[in-house]
Amino acid sequence: MFRKKETDVIVAGAGPVGLFTAMALAERGIGVEILDTEWRTAGRSYALALHASALDLLDEMGLAEELIPAGHRVDTVAFYRGRERLGELRLGELERKYPFVLVLPQNRLEHALEEGLKRRKVKVHWNHRLAHIRPAGDLVDTRVDRLVRDSSGYALAETGWLVDRSFEHHTQMVIGADGHRSLVRQQLGIDFEKVGEPTLFAVFEFTIAGEAQHEVRVVLDEDATSVLWPLRDGRCRWSFQLPGAVEDEIPRIKSRFSVQIGSQPYPFVREENLEQFISQRAPWFAGKAEKIRWSLAVQFENRLAARFGQGRTWLVGDATHVTGPVGVQSMNVGMAEARELAELATDVVQQRAAPAALEEYGARWRGEWRDLLGLGRRLEARAEAPEWTRAAVDGLVPLVPAHGRDLEALLEQVGLGY
Ligand SMILES: Cc1cc2nc3c(=O)[nH]c(=O)nc-3n(C[C@H](O)[C@H](O)[C@H](O)COP(=O)(O)OP(=O)(O)OC[C@H]3O[C@@H](n4cnc5c(N)ncnc54)[C@H](O)[C@@H]3O)c2cc1C
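Letter by letter, the sequence shown follows residues -8 to 409 in this note's numbering.
As structure tokens, then:
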């Protein structure tokens, strides 16, 4: 049943952040095995945009020029309250090679990364689950299960899948890019602390007549945020936060159908809710929904891992942090973490650094996330800040599609700073 293998690094999880991590390792000449419990996550298309900083990272891998024509460019982020346009952030002023946000389906990004890995002779092992990790001196011992629908293997209670073969890998490092329910994080015994209330959003993706705008529009109501993203091919996505008793809201808006994403079902939101939300929250929205492609209700937690790893096992992406969807920060910041983690892991594998060097990675990114989640440095309104940014100051950071120096530069445009 067991086959023994040796490899430099195992990456558990082939979502966007895991694929990016594996690419960054392969580019540095590191032997990498990447595996995912599911069969091609590319059926999902949820984190819809790449920040200007993420485009720089993809450019380093030679992927930006291929992806930009496949996406839709966004140049401004506008803020509204009712009918009133409050102000805007100008992405064009960012000091970046590509000073804009690129709207691109997550599955298109994942496809490009998977193809990039193929070119570097790295094959994604779909339907392979990292099942167990155990530190063993200068190595980590792991067990990987290959999953099938029907065989004589033993059943995984929670999924209905069967394990038909297990492999033992001895590896120098394990990277858990295995999402918010991370098994790697759980096996390390790291807490995923709740740092804020969960938010529930009703999301509608639909086609509209007319040209797509090059602007994201965020509506700031007293107790809820809504966001309109323009997409390619005459489509757009509205996400409406449903305030109040989060769990109680779902039965009121869902129909008896659900939308399946990977192994997870999501409640399907009734189409008639769309018009109602638009008339209440965005009376200025002129687009008429021609065809609703899908709609669902999804809850976003606010959580942060107490540590980002230890020894030779480290975490990246949603395995360490989850936040609301408006600023698309989870995936984009995850890619920046991945690049740094890959660089440090390379030093460890090539024996230029001890695993302790990774402590700095964990501390720095945890600090960055504390700021993004409103637990660290407090944003302040400067004298020139307009009234609306003063009123929104405490909740603005997660709504901006940027992090680090880009986030600070954009906030500066509306009179806010740390
Ligand atoms: C319905 C929905 C809507 C969303 N909308 C938005 C949005 O509007 N804006 C936004 O910014 N973000 C959104 N997100 C979140 C966004 O998709 C994530 O932030 C992004 O995918 C994070 O990437 P990741 O690679 O860290 O983790 P994931 O994409 O979660 O990937 C983790 C992968 O690990 C695999 N895995 C888990 N356990 C194991 C294991 N033991 N062994 C091997 N593989 C394993 C999983 O199968 C999965 O493919 C949404 C998510 C969902 C589900």
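Yeah, the Cβ is synthetic: ideal placement off N, Cα and C, and Gly gets one too. Keep in mind it's a predicted model, so treat the numbers as computed, not measured.
Residue span of the alpha helix (DSSP H) that contains residue i, given as start and end
i	result
I269	E263 to R272
W379	E378 to A383
R361	L349 to L363
L108	Q97 to R110
P7	P7 to E18
T311	From DSSP, T311 is part of no alpha helix (DSSP H); its letter is neither H nor E.
R330	Q320 to V340
V65	Note, V65: premise wrong, no alpha helix (DSSP H); beta strand (DSSP E) at H63 to V65.
A345	No alpha helix (DSSP H) holds A345; DSSP gives it neither H nor E.
E57	A55 to L58
Sheet register partners of residue i (DSSP bridge)
i	result
T414	With the chain covering only -8 through 409, there is no way to say anything about residue 414.
F192	Q232 and V289
F70	G78 and V209
W220	R228
G187	N293
L93	L41 and R64
Q204	Bridge partners of Q204: none, in fact.
E(-3)	H161
G300	W305
A372	L407
Q391	For the sequence presented, residue 391 should be read as Val rather than Gln. Beta-bridge pairing links V391 to no other residue.
Run of the beta strand (DSSP E) containing residue i, from where it starts to where it stops
i	result
Y409	Premise fails: Y409 is in no beta strand (DSSP E) and is neither H nor E.
H160	L153 to G167
V131	L130 to V139
E24	V23 to D27
A127	H119 to A127
V175	Segment L174 to L179 is the alpha helix (DSSP H) holding V175; no beta strand (DSSP E) there.
L306	T304 to L306
Residue environment, residue i, which counts as buried when at least 16 other CB atoms sit within 10 Å
i	result
S270	exposed
Q342	exposed
L390	buried
V260	buried
A354	exposed
I283	exposed
P274	exposed
Y71	buried
D27	buried
Y409	exposed
R272	buried
W30	exposed
M(-8)	Residue confidence for M(-8) is low, a pLDDT of 37 falling below 50, so the modelled location carries little weight; the figure read from the coordinates is stated next. Exposed: under 16 other Cβ atoms inside 10 Å.
E196	buried
A277	exposed
A236	Note that A236 scores 46 on pLDDT, short of 50, meaning its location in the model is unreliable; the coordinates nonetheless yield the value given after this. Classification of A236: exposed, given that the 10 Å Cβ count is below 16.
Q267	exposed
P96	buried
E105	buried
R76	exposed
A200	exposed
G167	buried
D309	buried
V228	The residue asked about is misnamed: residue 228 is Arg in this sequence, not Val. Classification of R228: buried, given that the 10 Å Cβ count is 16 or more.
G358	exposed
G318	buried
R247	Note that R247 scores 47 on pLDDT, short of 50, meaning its location in the model is unreliable and no value can be drawn from it.
D129	exposed
P316	buried
A345	exposed
Proximity of residue i and residue j at Cβ, strictly below 8 angstroms
i	j	result
T337	I21	yes
F11	A329	yes
V94	P221	yes
Q178	I124	yes
L402	L363	no
V165	I25	no
T216	V207	no
V139	L153	yes
L335	A348	yes
G170	G6	yes
R303	P126	yes
A374	T380	no
V135	S157	yes
A400	L41	no
A38	L46	no
K109	D50	no
A103	L58	yes
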